[in-house]
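Have a look at the structure below before the remarks.
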Amino acid sequence: MPTVDDILEHIGEFCFFQKQTFFLLSLLSAAFAPIYVGIVFLAFTPDHRCLSPGVAELSRRCGWSLDEELNFTAPGPGPAGEAFPRQCRSYQVDWNQSALGCVDPLASLASNRSHLPLGPCQHGWVYDTPGSSIVTEFNLVCANSWMLDLFQSAVNIGFFIGSISIGYIADRFGRKLCLLVTILINATSGVLVAISPTYTWVVMFRLIQGLVSKANWLISYILITEFVGLSYRRTVGIFYQVTFTVGLLLLAGIAYALPHWRWLQLTVTLPNFCFLLYYWCIPESPRWLISQNKNAKAMTVLKHIAKKNGKPLPASLQSLRPDEETGEKMNPSFLDLVRTPQIRKHTLILMYNWFTSSVLYQGLIMHLGLAGSNIYLDFLYSALVEFPAAFIIIVTIDRIGRRYPWAASNVVAGAACLASVFIPDDLQWLRVTVACLGRMGITMAYEMVCFVNAELYPTFIRNLGVLVCSSMCDIGGIITPFLVYRLTDVWQELPLVVFAVVGLIAGGLVLLLPETKGKTLPETIDEVENMQKPRKNKENMIYLQVKKQDIPLN
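For the sequence shown, this note's numbering gives the first residue as 2, with consecutive numbering after it.
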């Protein structure tokens with residue numbers, strides 16, 4: 002009996018139905034971008050200073066400009082690379098006393114300002130921005146700055162839990178039902194984030210959004226790869242991730258037009274409700290239906306695909322069998338990922354590379370929001386370089402292989418981070434260029450680890466291996482906000498030094514993995530253990546045996 006791949010060869014591996022479905026599901030990939038990196042705009046931290054009602058009144062009375070007000074009443078800059086003291090501290094002075102004049106009012110209180118006591122901001126802060134963010138609304142600065150880290154970590158905790166459970170849920174209840182449910186929860190929780198009255202509710206609904214949004218993205222990825230033929234899966238998978246980049250570009254434009262975080266959150270969330278119409282547009286995966294012994298329904302879906310593609314379904318292909326038939330079912334175990342030497346090496350290196358890709362990708366974007374001169378343009382430029390990253394992958398993986406481009410991309414990302422540390426601020430164009438180069442490198446590394454991961458495990462633990470290793474991506478996302486925002490308090494460029502070290506190490510470790518170009522997916526543990534061993538001896542042995550059989554007997 003034929004498999005789904007056999008039938009797709011006759012009714013179209015990537016024709017009208019698959020292209021239409023790819024377009025629809027790619028919209029979900031683009032809609033995931035604001036959730037994954039939206040913190041850059043939703044939680045933008047502008048320049049700020051302590052609010053003092055007495056200072057404001059004195060400034061009005063004296064007719065000071067903003068620069069004069071800061072010069073006369075706020076602490077000056079601290080050591081190079083550190084935040085201004087005025088962002089979190091103010092002079093403990095009664096600004097309402099009549100003895101204060103309009104020309105250097107503090108001179109009457111102390112000959113040297115360093116002798117005046119400094120204290121925390123008691124009346125809140127003044128933010129130099131025409132818009133708003135969760136930072137400005139909930140005052141997530143100074144002693145409360147850790148709450149900003151928690152905001153982004155909450156969504157990554159949701160990613161981690163959701164991605165772990167999604168495999169079981171999608172296999173148990175079906176791709177389509179799971180897709181629609183996650184769309185509904187994602188859209189609802191996103192709206193609730195936008196209208197939440199307190200920080201606690203914002204974080205809670207942000208966590209819920211994380212639980213379903215990445216799961217929604219993964220289900221869409223699974224669906225589109227199950228609808229297309231075998232020869233198109235890798236290309237479709239890469240372009241599905243490219244549409245995420247399109248979402249980044251749209252996010253930059255929308256954020257520029259809507260500088261207020263609640264309106265921005267609503268604008269990027271409300272279109273998700275339209276995706277519920279997919280109930281009538283996208284059928285269930287025929288591969289999943291076959292795995293559930295629902296062959297009749299699977300054949301109905303395949304006939305629908307054939308009709309959409311304008312191709313007949315041959316009568317000889319009217320029966321189905323599963324894509325994989327095995328005599329003895331093997332139960333995967335977590336121990337299988339570390340039991341043998343080569344698989345153990347693969348597991349550890351892949352886990353580290355997933356972790357590194359997440360930390361550098363999210364970290365560079367977050368650091369851009371802290372260090373960029375024009376956050377919108379810098380974000381746009383760095384997103385544009387993801388397109389050539391995808392093109393380079395498509396061109397190189399089947400010509401050069403996986404290992405060297407993957408290692409090079411990690412090294413480029415790490416080297417770019419290290420170079421950025423030494424570029425002076427007045428060479429902004431060079432800083433942006435190097436940052437874009439680093440972003441392109443880590444984007445390549447991120448996309449390559451996605452499909453190489455599956456090529457390094459035998460069939461019966463392949464899904465488990467991808468699941469366990471990719472979970473480190475979400476662990477990296479959980480700690481990245483703390484890594485970026487806390488290290489910048491020590492030194493603005495310190496996160497880049499850390500990124501450089503972990504990126505360069507990742508590039509070196511990739512070279513320890515076997516090359517998988519031109520090799521079939523391994524079926525057994527023995528095949529994985531022998532991946533780096535030459536096959537020449539085996540081929541010679543077979544050849545000699547054949548030649549021996551050709552010798553005529555006397």
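Using N, Cα and C, we set each Cβ at its ideal position, and we do this for glycine too.
Per DSSP, the bridge partner or partners of Val-127: The count along the sequence shown starts at 1 and reaches residue 127 at position 126. Arg-50.
DSSP three-state assignment for Leu-514, whether helix, strand or coil: Position 513 of the sequence shown, counted from the first residue, corresponds to residue 514. Reduced to three states, the DSSP call for Leu-514 is coil.
Where the beta strand (DSSP E) through Pro-121 begins and ends: If you number the sequence shown from 1, residue 121 lands on position 120. Its beta strand (DSSP E) spans residues 119-121.
Beta-bridge pairing of His-261 - partner residues as DSSP gives them: For this step, residue 261 is matched to residue 260 along the sequence shown. According to DSSP, His-261 bridges with Ser-133.
Collapsed DSSP secondary structure at Lys-330 in the structure displayed: As a first step, residue 330 must be located in the sequence shown, where it is residue number 329. Confidence at Lys-330 is low in this model, with a pLDDT of 48, below 50, so the placement of that residue is unreliable and no value is reported for it.
Minimum length 4: unbroken alpha helix (DSSP H) runs contained in the stretch 174-248: 176-196 and 200-228
Collapsed DSSP secondary structure at Leu-554 in the structure displayed: Reading the sequence shown from its first residue, position 553 is the one you call residue 554. Here the model assigns Leu-554 a pLDDT of 36, short of 50, so the residue's position is not dependable, and the following value carries that caveat. Reduced to three states, the DSSP call for Leu-554 is coil.
Neighbour-count burial assignment, Phe-33, 16 or more Cβ in a 10 Å radius: As a first step, residue 33 must be located in the sequence shown, where it is residue number 32. Under this definition Phe-33 is a buried residue.
4-residue-minimum alpha helix (DSSP H) runs that sit fully inside the stretch 264-312, ordered along the chain: 287-292 and 296-310
Enclosing beta strand (DSSP E) for Arg-90 [first to last residue]: Taking the sequence shown and counting its residues from 1, the one referred to as residue 90 is at position 89. Counting along the chain, the beta strand (DSSP E) containing Arg-90 begins and ends at 90-92.
Nearest-angstrom Cα separation, counted from Ile-225 out to Val-237: Translated into the one-based positions of the sequence shown, residue 237 becomes position 236. Translated into the one-based positions of the sequence shown, residue 225 becomes position 224. Cα-Cα distance, rounded: 8 Å.
Whole-angstrom distance between Ser-197 and Arg-62, CA atom to CA atom: Translated into the one-based positions of the sequence shown, residue 62 becomes position 61. Translated into the one-based positions of the sequence shown, residue 197 becomes position 196. So the alpha carbons of these two residues sit roughly 39 Å apart.
Inter-stretch contact at 8 Å, needing at least 3 Cβ pairs: the stretch 13-27 / the stretch 459-475: no
Closest Cα partner of Leu-472 within the set Leu-495, Trp-147 and Asn-157: Here residue 472 is taken as the residue at index 471 of the sequence shown, counted from 1. Before going on, a small fix: residue 472 reads as Ser here, not Leu. Ranking the options by Cα distance to Ser-472, first place goes to Asn-157.
Reduced DSSP secondary structure (H/G/I, E/B, other) of Thr-74: Here residue 74 refers to the residue found at position 73 of the sequence shown. The answer is helix: DSSP assigns Thr-74 an H, G or I state.
Distance, Ala-253 Cα to Tyr-377 Cα: The residue you call residue 377 lines up with position 376 of the sequence shown. The residue you call residue 253 lines up with position 252 of the sequence shown. Taking the straight line from one Cα to the other gives about 6 Å.
C-alpha gap between Ile-291 and Ala-299, whole angstroms: Here residue 291 refers to the residue found at position 290 of the sequence shown. Here residue 299 refers to the residue found at position 298 of the sequence shown. Roughly 6 Å separates the two Cα atoms.
Straight-line gap, Phe-423 to Leu-271 (C-alpha atoms, nearest Å): Numbered from its first residue, the sequence shown carries residue 423 at position 422. Numbered from its first residue, the sequence shown carries residue 271 at position 270. Cα to Cα, Phe-423 sits roughly 43 Å from Leu-271.
Distance CB(Gly-442)-CB(Ala-501) smaller than 8 Å: Counted from its first residue, the sequence shown places residue 442 at position 441. Counted from its first residue, the sequence shown places residue 501 at position 500. Not a contact, by the Cβ cut-off of 8 Å.
Val-386 - DSSP class collapsed to helix/strand/coil: Position 385 of the sequence shown, counting from 1, holds the residue named residue 386. Here Val-386 sits in coil by DSSP.
Phe-483 to Asp-150 span [Cα, whole Å]: For the purposes of this step, residue 483 is identified with residue 482 of the sequence shown, where counting begins at 1. For the purposes of this step, residue 150 is identified with residue 149 of the sequence shown, where counting begins at 1. Each residue's alpha carbon lies about 5 Å from the other.
Inter-stretch contact (C-beta, 8 Å, three-pair minimum) for the stretch 59-73 and the stretch 263-281: no
Sequence ranges, alpha helix (DSSP H) only - wholly within the stretch 8-55, length at least 4: 17-38 and 40-43
Rounded straight-line distance, which links the Cα of Ala-420 to that of Val-213: The residue you call residue 213 lines up with position 212 of the sequence shown. The residue you call residue 420 lines up with position 419 of the sequence shown. Cα to Cα, the separation comes out at about 38 Å.
Member of Ile-476, Val-269, Val-104 and Ser-91 whose CA lies at the smallest distance from the CA of Gln-363: As a first step, residue 363 must be located in the sequence shown, where it is residue number 362. Comparing Cα positions, the closest option is Ile-476.
Proximity below 8 Å, CB of Met-352 to CB of Ser-410: What you label residue 352 is simply residue 351 of the sequence shown in a count that begins at 1. What you label residue 410 is simply residue 409 of the sequence shown in a count that begins at 1. No. Outside cutoff.
Val-503 beta carbon less than 8 Å from that of Thr-357: Counting from 1 along the sequence shown, the entry for residue 357 is found at position 356. Counting from 1 along the sequence shown, the entry for residue 503 is found at position 502. Going by C-beta atoms, Thr-357 is nearer than 8 Å to Val-503.
Arg-432 versus Arg-440: straight-line alpha-carbon distance, rounded: On the sequence shown, position 431 is the one that residue 432 refers to. On the sequence shown, position 439 is the one that residue 440 refers to. Going from the Cα of Arg-432 to the Cα of Arg-440 covers about 12 Å.
Euclidean distance between Cα positions of Leu-19 and Cys-179: Against the sequence shown, residue 19 aligns to sequence position 18. Against the sequence shown, residue 179 aligns to sequence position 178. The sequence shown places Gln at residue 19, rather than the Leu named in the question. Taking the straight line from one Cα to the other gives about 20 Å.
Pick from Cys-143, Thr-517 and Leu-361 that is closest to Ile-401, judged by C-alpha positions: For this step, residue 401 is matched to residue 400 along the sequence shown. Cα-wise, what sits closest to Ile-401 is Thr-517.
Val-1 burial status per 10 Å Cβ neighbour count (16 or more: buried): No statement about residue 1 is possible, as the shown extent of the chain runs from 2 to 555 and does not include it.
CB-CB length for Asn-310 against Phe-17, believed under 8 Å: For the purposes of this step, residue 310 is identified with residue 309 of the sequence shown, where counting begins at 1. For the purposes of this step, residue 17 is identified with residue 16 of the sequence shown, where counting begins at 1. Right, the Cβ-Cβ distance comes to about 5 Å (below 8 Å), so this counts as a contact.
Gly-120 beta carbon less than 8 Å from that of Gln-93: Position 92 of the sequence shown, counted from the first residue, corresponds to residue 93. Position 119 of the sequence shown, counted from the first residue, corresponds to residue 120. Taking 8 Å as the Cβ cut-off, Gln-93 and Gly-120 qualify as a contacting pair.
Buried or exposed (CB count within 10 angstroms, at least 16 for buried), Thr-199: As a working note, residue 199 is residue 198 in the sequence shown. By the neighbour-count rule (16 or more Cβ atoms within 10 Å), Thr-199 is not buried but exposed.
Nearest neighbour of Pro-315, chosen from Val-5, His-11, Trp-262 and Thr-4 [CA to CA]: Start at 1 with the first residue of the sequence shown, and residue 315 comes out as number 314. Ranking the options by Cα distance to Pro-315, first place goes to His-11.
Expected contact under 8 Å - CB spacing of Ile-462 and Leu-349 to nearest Å: Locating residue 462 in the sequence shown gives position 461, counting from the first residue. Locating residue 349 in the sequence shown gives position 348, counting from the first residue. Not confirmed; about 15 Å, so no contact.
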